[in-house]
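If you want the working numbering, it's the 1-based position in the sequence shown plus 647.
Even glycine gets a Cβ: it sits at the ideal position worked out from N, Cα and C.
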Amino acid sequence: MAASLPFTLLAAAFYIAGASWVLLHLARKAPAKLALVRLLGLGALLAHGLALYGHIGLPEVLNLGVLEAASLANWLICAFILITSLRHPTLNLAVLLFPLAAITLLLSQFSMTSALPLEGRNGLFFHIVASLSAYSLFALASVQGILLAIQNHQLKHRQVSGLLSVLPPLQTMECLLFELLFAGQLLLSLGILSGFIFLDNMFAAGMLHKTLLSLAAWVTFGLLLLGRWRFGWRGLTAVRWTLGGSLLLLLAYFGSKFVLQFILA
């Protein structure tokens, strides 16, 4: 913890600075300066990554409890936001996501979990990274879906205001949602497949609920993408399926982690 604390504080400072600038811009008290926000975000990601690398224990072991997993997921989400901001106007989401990343990183420094040896277990590491990356993209897709639903409602009632007034057009938001879903489904497929290959028994007593919920989420997202391609599903239909699948994944990973780490500990 002591070794990663300076990087943690530096990352939190960069995150808060970036979010504050976006907030000032949304309040029309500062110019946009997207390059500055990206630079602050990049600095935050670098410091965040170094802090996680030291705290999680890589490369010898893996210390990944609920808070560490949430922090890693938020790192991936913020990285995705910065990358997509080069094609879509997504940096306004930093006003919410950057502080959340800072909070989870700070909290993860106080987490006490047992380490899992990684020597000779590269397959397990790949499974964990693919699964967490998928969870991160689906979590972001859920946020995107909620914003899309609110934006759609406000447009219908001609009451666009607040953060939603500076979001991309509805069609762009919808395209971004399905880009997230497609990428997340690809990573989830890799995560599930690698789990069956590299884990001893995906249907063992301690893994059964996680496996079944993950498979149910995979089917849910698969049906949504099929419905989009075959029937043109969009709007609230897409949002409901997105939130349903994301809830299944949330229960599959963080639900079991929470019970094992905080209730049964």
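Segment limits, alpha helix (DSSP H) that includes residue i
i, result
"Trp603", "The chain is shown only over 648 to 912; residue 603 falls outside these bounds and no answer can be derived."
"Ala851", "Segment: none, Ala851 is in no alpha helix (DSSP H) and carries neither H nor E."
"Pro736", "Counting along the chain, Pro736 falls outside any alpha helix (DSSP H), and DSSP gives it neither H nor E."
"Phe745", "Ala741 to Ser755"
"Pro653", "Leu652 to Leu673"
"Tyr900", "Neither: Tyr900 is in no alpha helix (DSSP H) and is coded neither H nor E."
"Arg685", "Leu681 to Ile703"
"Gln798", "Asn769 to Lys803"
Presumed contact (8 Å Cβ cut-off) between residue i and residue j, rounded CB distance
i, j, result
"Leu697", "Phe654", "4 Å"
"Thr731", "Leu823", "7 Å"
"Ala691", "Ala658", "5 Å"
"Ser893", "Ala748", "About 18 Å; that fails the 8 Å criterion."
"Ala788", "Gly838", "The Cβ separation is near 16 Å, so there is no contact."
"Leu784", "Asn739", "About 19 Å separates the two Cβ atoms, so there is no contact after all."
"Leu898", "Leu859", "Incorrect: roughly 10 Å between the Cβ atoms, too far for contact."
"Gly770", "Ile844", "7 Å"
"Ala796", "Val684", "Wrong, their Cβ atoms sit about 26 Å apart, outside the cutoff."
CB of residue i within 7 Å of CB of residue j, strictly
i, j, result
"Gly873", "Trp888", "The displayed chain sequence assigns Leu, not Gly, to residue 873. Result no, Cβ atoms of Leu873 and Trp888 do not sit closer than 7 Å."
"His774", "Gly842", "yes"
"Ala666", "Ala741", "yes"
"Ala720", "Leu794", "no"
"His702", "Ser651", "yes"
"Ala864", "Leu828", "no"
"Leu714", "Leu753", "no"
"Gln791", "Leu814", "no"
"Leu840", "Ala781", "no"
"Leu699", "Phe661", "no"
"Gln881", "Glu821", "In the sequence under discussion, the amino acid at residue 881 is Arg, which differs from the Gln named in the question. Closer than 7 Å, so yes."
"Ile750", "Thr737", "no"
Requested in this report: Specify whether the segment 842–861 and the segment 790–808 touch according to this definition: at least 3 beta carbon pairs, one from each stretch, less than 8 Å apart.
Outcome: No, the segment 842–861 does not touch the segment 790–808.
**Report entry** Three or more C-beta pairs below 8 Å linking the segment 676–683 and the segment 769–785
**Finding:** no
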